[in-house]
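Residue numbers (the numbering used here): 5 to 173.
What follows is one structure encoded as structure tokens, with my remarks underneath.
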Amino acid sequence: MHRIHIIGRKNSGKTTLIVDLVQQLTGLGLRVATIKHTHHRHELDTPGKDSFLHRQAGAVATGILSKSMNAIFWPPDASDGSDNDVRYDSFAPMFANCQLVLVEGDTQTSACKIEVWRAALNTRPYAEGDPSVTAVVTDDELDIGTRVWPRSDIRLLAQNMIGIFATDP
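The structure is reproduced here in structure tokens:
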């Protein structure tokens with residue numbers, strides 16, 4: 005599973021960039037999946053609904069199958085601890101037919117990270133203190149010791165993404 009994380013501060017444009025990249029990459033014929041990472045604890049299922057009650061009763065996983073959408077809810081394996089890189093492996097079977105998985109967020113990963121940065125947020129890029137950031141995406145002026153890719157050229161960004169995972173073992 006080739007994973008590229010799109011990271012950045014709140015309101016930097018991560019979601020918009022991922023939407024644009026998915027459209028561009030799928031338009032080129034690639035099968036792309038996405039994962040939204042959050043460090044918050046959220047109940048993703050609906051309390052009181054059947055699937056939620058199944059989990060409360062002790063089911064180790066609960067699936068919902070409908071004509072329009074499918075979902076699986078399962079808690080992280082306690083043996084995985086807080087290592088998100090290990091936890092992403094649990095998604096691999098569902099994404100086996102995808103050539104690329106774009107993850108929104110997770111600055112702590114050891115996987116490839118692309119940062120979205122905007123000067124208007126008055127913050128410095130994560131890339132300044134994190135040499136594992138592959139590139140910074142921005143249309144703002146930025147002098148930094150890593151690659152800077154223009155946000156306004158989505159075709160170039162998509163080609164750069166393809167280049168990253170094409171050389172990834």
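The beta carbon of each residue, even a glycine, is placed where N, CA and C say it ideally should be.
For this session: Taking the CB atoms as reference points, tell me whether V36 and C116 lie closer together than 9 Å.
Result: Locating residue 36 in the sequence shown gives position 32, counting from the first residue. Locating residue 116 in the sequence shown gives position 112, counting from the first residue. Cβ distance not < 9 Å, so V36 and C116 don't count as in contact.
For this session: Note down the Cα distance separating R122 from A61, rounded to an integer number of angstroms.
Result: Within the sequence shown, residue 122 is the residue found at index 118, counting from 1. Within the sequence shown, residue 61 is the residue found at index 57, counting from 1. Approximately 46 Å between the Cα atoms of the pair.
Exercise. Counting along the chain, where does the beta strand (DSSP E) carrying K117 start and finish?
Worked result: As a first step, residue 117 is located in the sequence shown; it is residue number 113 there, counting from the start. First-last of the beta strand (DSSP E) with K117: 116-120.
For this session: Have a look at the DSSP bridge pairing and note the partners of N164.
Result: Indexing the sequence shown from 1 puts residue 164 at position 160. Under DSSP, N164 forms no beta bridge with any residue.
For this session: Might you give, ordered along the chain, the residues of its own chain that have their beta carbon closer than 6 Å to the beta carbon of L146, omitting 5 neighbours on each side?
Result: Within the sequence shown, the letter at position 142 stands for residue 146. Once the five neighbours on either side are set aside, the close Cβ partners of L146 are V152.
For this session: Report yes if the CB atom of V141 is closer than 9 Å to the CB atom of I118, and no otherwise.
Result: Along the sequence shown, read from residue 1 onward, the residue named residue 141 stands at position 137. Along the sequence shown, read from residue 1 onward, the residue named residue 118 stands at position 114. It is a contact, given that the beta carbons lie within the stated cut-off.
For this session: Would you check if the distance between the CB atom of I11 and the CB atom of I22 is smaller than 9 Å?
Result: For the purposes of this step, residue 11 is taken as the residue at position 7 of the sequence shown. For the purposes of this step, residue 22 is taken as the residue at position 18 of the sequence shown. The Cβ atoms of I11 and I22 do not sit closer than 9 Å to each other.
For this session: Report the residue from A170, M98, D89, T138 whose alpha carbon sits nearest the alpha carbon of G74.
Result: Counting from 1 along the sequence shown, the entry for residue 74 is found at position 70. Per the sequence shown, residue 74 should be read as Asn rather than Gly. Of A170, M98, D89, T138, the residue nearest in Cα terms is M98.
Exercise. For I148, which residues of its own chain have a beta-carbon under 8 Å away from its beta-carbon, when the five flanking residues on both sides are left out?
Worked result: Counting from one through the sequence shown, the residue named residue 148 turns up at place 144. Excluding sequence neighbours, I148 sits near P129, A131, E132, V140.
For this session: With distances taken Cα to Cα, identify the nearest neighbour of R159 among L29, R7, D110.
Result: Locating residue 159 in the sequence shown gives position 155, counting from the first residue. If you compare the alpha carbons of L29, R7, D110 with that of R159, the shortest gap goes to L29.
Problem set entry | Exposure of I8, with buried meaning 16 or more beta-carbon neighbours within 10 Å | In the sequence shown, counting from the first residue as 1, residue 8 sits at position 4. The residue is buried, with at least 16 neighbouring Cβ atoms inside 10 Å.
Exercise. Exposed or buried, what is T127 when buried is set at 16 or more other beta-carbons lying within 10 Å of its beta-carbon?
Worked result: Here the question's residue 127 lines up with position 123 in the sequence shown. With fewer than 16 Cβ atoms within 10 Å of its Cβ, T127 is classed as exposed.
Exercise. Taking Cβ positions, are M5 and V105 nearer each other than 9 Å?
Worked result: Here residue 5 refers to the residue found at position 1 when the sequence shown is read from its first residue. Here residue 105 refers to the residue found at position 101 when the sequence shown is read from its first residue. Yes, they are a contact pair.
Problem set entry | Beta-carbon spacing of L125, S55 below 9 Å | In the sequence shown, the residue the question calls residue 125 occupies position 121. In the sequence shown, the residue the question calls residue 55 occupies position 51. No, Cβ-Cβ distance for L125 and S55 is not below 9 Å.
Exercise. Sorted by chain position, which residues of the same chain lie with C-beta nearer than 8 Å to D143's C-beta, five sequence neighbours on each side aside?
Worked result: By 1-based counting over the sequence shown, the position of residue 143 is 139. P154, R155, S156.
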